[in-house]
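Heads up, the thing below is written out as structure tokens.
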Amino acid sequence: SITFKINIMITPDDKKQLAEKGISEAQITEQLSCFQKGFPYLKLEATASTQKGILALTADEQQRYLSAWYDYTQTGKRIMKFVPASGAASRMFKDLFEFLEVDYDVPATKFEQTFFTSINNFAFYEDLNEACVSIEGKDIASLIAEGKYKAIVSALLDVSGLNYGFLPKGLLKFHKYENRTRTSVEEHLVEGALYATGKTKEVNIHFTVSAEHYELFKTLIAEKTADYTKRYGVDYDISFSKQKSSTDTIAAGADNTPFRDNDRLVFR
38 SITFKINIMI TPDDKKQLAE KGISEAQITE QLSCFQKGFP YLKLEATAST QKGILALTAD
98 EQQRYLSAWY DYTQTGKRIM KFVPASGAAS RMFKDLFEFL EVDYDVPATK FEQTFFTSIN
158 NFAFYEDLNE ACVSIEGKDI ASLIAEGKYK AIVSALLDVS GLNYGFLPKG LLKFHKYENR
218 TRTSVEEHLV EGALYATGKT KEVNIHFTVS AEHYELFKTL IAEKTADYTK RYGVDYDISF
278 SKQKSSTDTI AAGADNTPFR DNDRLVFR
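Dropping the structure here:
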């Protein structure tokens, strides 16, 4: 194996994986170096407001623009809704990953405490509860009562549970309604039906996804489109393109060393 200056060990299997993705060892070194050094904050000039940078439309202007868009949709033009959907959800769960690494077991930070006191409000709550029962033999309420907070977080983030720490944001349950939940992908199906249809009531949506999650996206959309077709009276034409894996970024642990799953490097 090769040792980089930042003490990162790259194994022969890692080399093969990197070659398959079209990523060089030098790129990995640079990415990990950036994680170690940190990234400079942007210098903000001012707060964006309706007085500076944000355009606020009057009610009349809103109606005029809506009418103009409706008129355009009725001209026979083919409308395409484009959705970049390859973004990983790992950054969303940064604080929870850190909670798994710390040497205390009871939520201490404001974020950690708020997460657990509000956990039943998340759209993924029921799925997480089922995962906890499957993995730990106990539901969320019981695990909290026993102080097993990290077991709950593991069930949310790890591949043995919901795997939310490594899935793209598009596949996560984001929104909770009175009698249903929706993933981000489903919300795009709804949005497309509401503002991106033409004369033929066809909704054209193109998703860019990572190659490793392509089948998951296809499966979810195949399961959900019939329901939204019936609900909104539209027909969906869904297409995909795969983002080049050479644009992926190495995932790192709290110590800024490569994160591994079953001895394979993890990318996002």
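Read left to right, the sequence shown gives residues 38 to 305 (our numbering). Ideal Cβ placement from N, Cα and C applies to all residues, glycine included.
Query                                                                                                           : Result
Straight-line gap, Pro49 to Ala192 (C-alpha atoms, nearest Å)                                                   : 31 Å
The stretch 96-109 contacting the stretch 209-229, beta-carbon criterion three pairs below 8 Å                  : no
Under 8 Å between C-beta atoms of Phe136 and Glu149                                                             : yes
Endpoints, alpha helix (DSSP H) assigned at Arg219                                                              : Here Arg219 belongs to no alpha helix (DSSP H); instead the beta strand (DSSP E) covers 218-220.
Cβ distance (whole Å) where Gly235 is taken to contact Ile116 below 8 Å                                         : 5 Å
Other residues of its chain near His250: CB distance less than 6 Å, five sequence neighbours each side excluded : Pro205
Distance between beta carbons of Ala233 and Val227, contact taken as under 8 Å                                  : Not quite, the Cβ-Cβ distance comes to about 11 Å (not below 8 Å), so this is no contact.
Endpoints, beta strand (DSSP E) assigned at Ser86                                                               : From DSSP, Ser86 is part of no beta strand (DSSP E); its letter is neither H nor E.
Ordered list of beta strand (DSSP E) runs contained in the stretch 112-150, each at least 3 residues            : 117-121
Backbone secondary structure at Val227 - three-state DSSP                                                       : helix
Delimiting residues of the alpha helix (DSSP H) encompassing Thr266                                             : 251-269
For Ala122, the nearest candidate out of Glu215, Val246, Ile65, Leu199 (CA to CA)                               : Val246
Proximity below 8 Å, CB of Ile60 to CB of Ser283                                                                : yes
Option in Lys187, Thr294, Ile287 with minimal Cα separation from Ser127                                         : Ile287
CA nearest to the CA of Leu194, picked from Tyr214, Gly184, Lys175, Ala168                                      : Ala168
With 16 other Cβ atoms within 10 Å as the buried cut-off, status of Val143                                      : exposed
Beta strand (DSSP E) segment containing Asn241, residue limits                                                  : 239-247
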